[in-house]
Amino acid sequence: MIEIDHLTKRFSRHTAVDDISFEVGSGQVVGFLGPNGAGKTTTLRMLTGYLPPSSGFASVDGHDVFRDPLGARRKIGYLPESVPLYLDMRVREYLTFRGQIKGLRGRGLKRRLDEVLDQCGLQNVHRKMIKTLSKGYRQRVGIADALIHEPPLLILDEPTNGLDPNQIRSIRKLITRLGKKHTILVSTHILSEVAQLCNQIIIIDGGRIKAADTPANLVGQMRVAGRVTAEIKGPAEEIGAALQELKAVKKVSHELAKDGWEHFSIFVESSTDARERIANLARDKKWPLRSLSRHEATLEEVFVELTRKD
Amino acid sequence: MRTLLTLYAKELRSYFLSPFGWIVLAFTAIMQGVSLSTAMKILQDTPIADSLVYIVFHTPIFWFYFLFIFPLITMRLFAEEERSGTLETLLTAPVRTSQVVFSKYFAALSFYVILWIPAFVHFQLFSTLTNIPTPFTNGSLLGAFLIIFLMGVFYTAVGVLASSLTSSQIIAGIITICMLVIHYFLGFVTVIWGETSEAVGFFHYISCQEHLHFFAKGLIDSRPIVYNLSMAAIVLFLTHHIVDYRRWKR
Ligand SMILES: Nc1ncnc2c1ncn2[C@@H]1O[C@H](COP(=O)(O)OP(=O)(O)O)[C@@H](O)[C@H]1O
Ligand SMILES: [Mg+2]
């Protein structure tokens, strides 16, 4: 559905997007993840043909966004980051206008209007002026606009930005529902959102792609995944040395003892599980072992690990 | 074409949906009325060979309010879309930049034409209401309104251009009025510096005062028609490139 090939965008002295390439297949819901200033918006703007790239290629559903911008835009429903709307229009009037410039007419337009008003929960505000709507409703109007011409691809730039938790949940539900029919590329820096919504994640930082994979794979491959914590009773130094000797253990750190139990953090090579060896060691040495757990990495840790500045 | 019409209808309607459009309409209607009554007073006080139409378009306040119409009707067009960010939704919909430029231009020009309806009605009603034989010929009436329209064609394009240069309506308005005032004074060059310089022909050619002078006497000349139409085309062409270029640059 989306093909991006060596896309680069330089502003006067600053490279916002630096030679990125990725593909998004039909029917996927892809999270485009990165800290503020990573280049998400710039990438999405190039993909929608609003900004021309400095170099590189992008296409949507086979339409080159720069050679055939109109063809590509017909395939895209785009919700920009700031959700710009004509504030002195009424909801229905605005969506009618947007539908018309996207090529809808007459009965087809009317049918789609009713459908998107329904889908986005706008039925009871459709006669209101947009300037009187809350941020959450404006976001829905923006999504309704993106949907109106039934585009195969939805591009949503931080759709839950600035909403309260209830509004975030309802927008998230809406996006989940939309994901059944549309390919979606959604940019965000809220991690819990991505884990729930997306079956594919692209992490971008400083204009470069740091990782692109399914959420499960990303979490599985991370260094943090190889951390085991153990609570053992016995001589701390001796235990530390013995643990260090075990196969596949990279680093052992002793964290302060609590009520007589010594706490250890043990980093092992990822994709190995050292718990059994640790348990055997404790039994052989007759050191009581109270708990032994492998740390489940979260997306948040993945994100921090990939995008931190040190 | 249908896209162009949709965009055009939206732009034109927005003049009537905002109080600002009505204020501009009231402002010009009042100024046209003041022009007319000033002209009637002049005709009453002094014997004069010119027609009523000629005098109405040569009252002292005419150029003042006439030039101010253009920043008022055009400053919003692009500057406001740029400021509020709606240019992004507009230009990522399947529309061409040229359709956006033309729709805004023709909407502003249409509103401009509507602004002149009161003045036209004044002249039509004059003899009915006053029982005086019409103190002007149909030729001068036609000529005057033709050149008013032609200047509108050009100056509206200037306003659209200025609006595409900035995201501030005020600055767009100031740029428009400055450009129009400079153009206005260029028309006075031959009056100030005399007829001796080599470029005299050029300055006569572009002088809006002279155009109005002849057209309001019913002397219709093809050169001002060509001049205003081609200038409008050039300015709109520039506007189209500026709208694209400003995105490319940033
Ligand atoms: N119009 C612009 N002119 C200059 N620099 C810009 C412009 N837009 C964005 N940038 C810069 O490009 C970088 C990426 O911005 P952006 O794509 O908005 O990031 P994100 O959406 O991931 O927060 C930022 O450092 C930002 O300052
Ligand atoms: Mg952004």
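Residue numbers (my numbering), protein chains in the order written: chain A, 538 to 847; chain B, 18 to 267. Using N, Cα and C, we set each Cβ at its ideal position, and we do this for glycine too.
Check                                                                                                                                                                                  : Outcome
Could you tell me which residues DSSP puts in a beta bridge with Lys788/A?                                                                                                             : Phe804/A
For Asp542/A, list the residues DSSP reports as bridge partners.                                                                                                                       : Phe594/A
Residues in the same chain with beta-carbon distance under 8 Å from Val789/A, minus the five sequence neighbours each way, listed in chain order, please.                              : Gly777, Leu780, Gln781, Phe801, Ser802, Ile803, Phe804
So the candidates are Leu167/B, Phe137/B, Phe166/B; which of them puts its Cα closest to the Cα of Phe153/B?                                                                           : Phe137/B
With the cut-off set at 9 Å, would you say Leu690/A and Met538/A are in Cβ contact?                                                                                                    : yes
If the cut is a Cβ gap below 7 Å, which residues of chain B does Lys639/A touch?                                                                                                       : Ala110, Pro111
Using a C-beta cutoff of 9 Å, does Lys27/B count as contacting chain A?                                                                                                                : yes
Among the candidates Leu69/B, Ile65/B, Gly169/B, Ile149/B, whose CA atom is the shortest distance from the CA of Trp80/B?                                                              : Gly169/B
Taking CB distances under 9 Å as the criterion, tell me whether Tyr623/A reaches chain B.                                                                                              : yes
By DSSP, does His258/B sit in helix, in strand, or in coil?                                                                                                                            : helix
Tell me the DSSP secondary structure of Lys718/A in three-state form.                                                                                                                  : coil
Among Phe231/B, Phe254/B, Ser239/B, Phe74/B, which one has its Cα closest to the Cα of Trp133/B?                                                                                       : Phe74/B
Inspect the beta-carbon positions of Val175/B and Thr193/B and report whether they are closer than 9 Å.                                                                                : yes
Might you give, ordered along the chain, the residues of its own chain that have their beta carbon closer than 8 Å to the beta carbon of Leu650/A, omitting 5 neighbours on each side? : Arg629, Leu632, Thr633, Gly636, Ile685
Answer with yes or no whether the minimum CB distance from Gly586/A to chain B is below 9 Å.                                                                                           : yes
Among Phe143/B, Asn245/B, Gly160/B, which has the Cα closest to the Cα of Ser54/B?                                                                                                     : Phe143/B
May I ask you to verify whether the segment 547–565 of chain A touches the segment 717–730 of chain A, counting CB pairs closer than 8 Å and requiring at least 3?                     : yes
Pick from Gln226/B, Ile251/B, Ala249/B: whose alpha carbon is nearest that of Val198/B?                                                                                                : Gln226/B
Tell me whether Pro36/B counts as near ligand 1, meaning its Cβ is closer than 8 Å to at least one heavy atom of that ligand.                                                          : no
Would Ala189/B and Pro88/B qualify as a contact pair, given that the criterion is a beta-carbon distance under 9 Å?                                                                    : yes
Checking contacts by CB at 9 Å: is Thr106/B closer than that to chain A?                                                                                                               : yes
Whose C-alpha, out of Gly156/B, Val177/B, Arg113/B, Ile187/B, is nearest the C-alpha of Thr256/B?                                                                                      : Val177/B
Within 10 Å of its beta-carbon, does Asp62/B have 16 or more other beta-carbons around it, so buried, or fewer, so exposed?                                                            : exposed
Any heavy atom of ligand 2 closer than 8 Å to the beta-carbon of Glu618/A?                                                                                                             : yes
I'd like the list of long-range same chain contacts for Ser830/A, defined as Cβ closer than 6 Å, with 5 residues on each side in sequence excluded.                                    : Thr766
How about Lys121/B and Leu24/B: do their beta carbons lie closer than 9 Å?                                                                                                             : yes
For the beta strand (DSSP E) holding Gln186/B, just list the boundary residues, first then last.                                                                                       : Segment 186–203 is the alpha helix (DSSP H) holding Gln186/B; no beta strand (DSSP E) there.
What does the alpha-carbon distance come out to for the pair Val186/B and Gln737/A?                                                                                                    : Note on residue identity: the sequence assigns Gln, not Val, to residue 186/B. Gln186/B and Gln737/A: Cα-Cα distance of roughly 44 Å.
Is the segment 90–104 of chain B touching the segment 821–828 of chain A in the sense that three or more CB pairs, one from each, lie closer than 8 Å?                                 : no
Run down chain B in chain order and give the residues with a C-beta less than 8 Å from the C-beta of Arg611/A.                                                                         : Pro111
Can you list, in chain order, the residues of its chain with a C-beta nearer than 7 Å to that of Ala249/B? Leave out the 5 residues immediately preceding and following it.            : Val170, Phe171, Ala174
Just list the beta strand (DSSP E) runs in the segment 590–650 of chain A, keeping only unbroken ones of 3 residues or longer that don't cross its boundaries, in chain order.         : 592–597, 613–616
Can you tell me which of the three DSSP states Trp824/A falls into?                                                                                                                    : coil
In chain B, which residues lie with their C-beta within 7 Å of the C-beta of Leu659/A?                                                                                                 : Going along chain B, no residue has its Cβ under 7 Å from Leu659/A, so there is no contact; the nearest lies around 17 Å.
Following the continuous beta strand (DSSP E) through Asp750/A, name the residue where it begins and the one where it ends.                                                            : 745–750
Please report how far the alpha carbon of Phe220/B lies from the alpha carbon of Gly160/B, in whole angstroms.                                                                         : 21 Å
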